[in-house]
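A short worksheet on the structure shown next.
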Amino acid sequence: MPKNYSLQNKNIWIAGHNGLVGSALCRRLERENCSILSAKRAELDCRDQVAVLAWMRLNKPDAVIIAAAKVGGIAANMNAPAEFLYDNLMIAANIIHAAYESGAQKLLFLGSSCIYPKDAQNPITEEALLTGSLEPTNAPYALAKIAGVKLCESYRAQYGCDFISAMPCNLYGPGDNFDLENAHVIPALIRKAHEAVISGASELEIWGSGKPRREFMYVDDLADALVFLLQHYSGAAPVNIGAGGDVTIAALAETIANIVGFKGALRFNDSRPDGVSQKLLDCTIMREKGWKPSVSLEYGLSQTYEWYVHALESTILRPRQVLT
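Count along the sequence shown starting at 1, add 4, and that's the number in this note's numbering.
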């Protein structure tokens, strides 16, 4: 298989183009000489095998990036494990198989760092996959993502498909989900801090002990990494994409409070689950290939907060996300 893949004059389908990662990929690919294919959720249900195959045969994308997924934080994963497993299994299986059937030249499947064992040694290498038990709070989602990785490997092995997969760390940025029932930690903290400032609250509740360490990447950095990977990588092994460092949840909360302007106390609710104690990816492969992130955590958080405030003012956020 060719080591490098040119995007020039290619039709590229971004599955999940309206999501956090998908919208960032659209922004990034505007700088390439290629055409972006997309399908709104109302037009194409990626859980529907027949519909996906028909759409792929009709539109014939040269390359496919699977950014579509059902995602959420700890609470969302614990409340709807069947949906997180089923929806993500169907999305991965349907698109990967349809890419093979329709003759796509290349496919990039977007996994997650949660596919790795809960007790994996940090920094976590790609070889740690399937060497131990998963973190229970998001195991169904992780299992679906592992299945997607293995599908890419299997279609490559059996049919010679140039299908690859990438494992990003925790993501954040413009277009994130700020619904407190389903949000990840950064958008949840931004919204809660903003509401605390508006209401004049004296304290801000943080779920968990604040001690776990997490790695966070600005979504436009990830989009750049994914385009780089699409162009320069062809291999069976998944590839980690991370920021290169981690922070405690407590330090993250303090940084967000400073950016938002919250002056009160932070109260950690340790009755809420923490998840794994640390999750930091080993990104040696990407570094050796010459790619590294460019957006600092503080700058990325400030940009995300700026987007959130603008979204509230312009009603970009869905009604259930708007402050009440």
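Ideal Cβ positions, reconstructed from N, Cα and C, are used throughout, including at glycine.
Cα-Cα separation, residue i to residue j
| i | j | result |
| --- | --- | --- |
| M171 | N244 | 5 Å |
| I144 | P121 | The sequence given here places Pro at residue 144; Ile does not occur at that position. Taking the straight line from one Cα to the other gives about 13 Å. |
| Q325 | E317 | With a pLDDT of only 40 at Q325, under 50, the local geometry of the prediction cannot be trusted, and no value is derived from it. |
| G214 | A255 | 8 Å |
| G77 | E139 | 13 Å |
| A257 | K44 | 34 Å |
| N8 | Q235 | 5 Å |
| V251 | N174 | 12 Å |
| F88 | S238 | 29 Å |
Extent of the continuous beta strand (DSSP E) to which residue i belongs
| i | result |
| --- | --- |
| P172 | 167-172 |
| K110 | 110-114 |
| S117 | Where S117 is concerned, there is no enclosing beta strand (DSSP E), given that its DSSP letter is neither H nor E. |
| V243 | 243-245 |
Residues near residue i in its chain [Cβ-Cβ closer than 6 Å; skip 5 each side]
| i | result |
| --- | --- |
| V153 | G115, S169, P242 |
| C156 | F113, F167, S169 |
| N15 | S39, L41, P65, D66 |
| K149 | G115, S116, I119 |
| T135 | P121 |
| A80 | N186 |
| S206 | G268 |
Extent of the continuous alpha helix (DSSP H) run through residue i
| i | result |
| --- | --- |
| I260 | 253-264 |
| W311 | 301-317 |
| F387 | Because the chain here runs from 5 to 328, residue 387 falls outside it and cannot be looked at. |
| S158 | 143-163 |
| V54 | 53-63 |
| V280 | Premise fails: V280 is in no alpha helix (DSSP H) and is neither H nor E. |
| P191 | 189-203 |
| A96 | 85-106 |
| V75 | Per DSSP, V75 belongs to no alpha helix (DSSP H) and is neither H nor E. |
Residues bridged to residue i (per DSSP)
| i | result |
| --- | --- |
| L208 | L270 |
| F220 | N174 |
| N15 | S39 |
| V68 | W17, L111 |
| I128 | L285 |
Residues near residue i by beta carbon distance below 8 Å, same chain, minus five either side
| i | result |
| --- | --- |
| L48 | A55, V56, W59 |
| C30 | I18, H21, I40, S42 |
| Y191 | The sequence given here places Pro at residue 191; Tyr does not occur at that position. Cβ neighbours of P191 beyond the five flanking positions: Y176, D180, N181, F182, T308, Y312. |
| A86 | P144 |
Own chain residues within Cβ distance below 7 Å of residue i, not counting five before or after
| i | result |
| --- | --- |
| C287 | N244, I245, G246, G248 |
| K197 | The residue asked about is misnamed: residue 197 is Ala in this sequence, not Lys. Excluding sequence neighbours, A197 sits near L208, I260, A261, V264, F266. |
CB contact below 8 Å: residue i versus chain B
| i | result |
| --- | --- |
| D166 | Among the chains in the structure shown there is no chain B, since it carries only a single protein chain. |
Three or more C-beta pairs closer than 8 Å, one from the segment 171-184 and one from the segment 19-33: is that the case here? yes
Between the segment 200-210 and the segment 67-87, are three or more C-beta pairs nearer than 8 Å? no
Is the segment 210-225 touching the segment 92-101 in the sense that three or more CB pairs, one from each, lie closer than 8 Å? no
Below 8 Å, how does it come out for the segment 103-111 and the segment 158-167: are there three or more Cβ pairs, yes or no? yes
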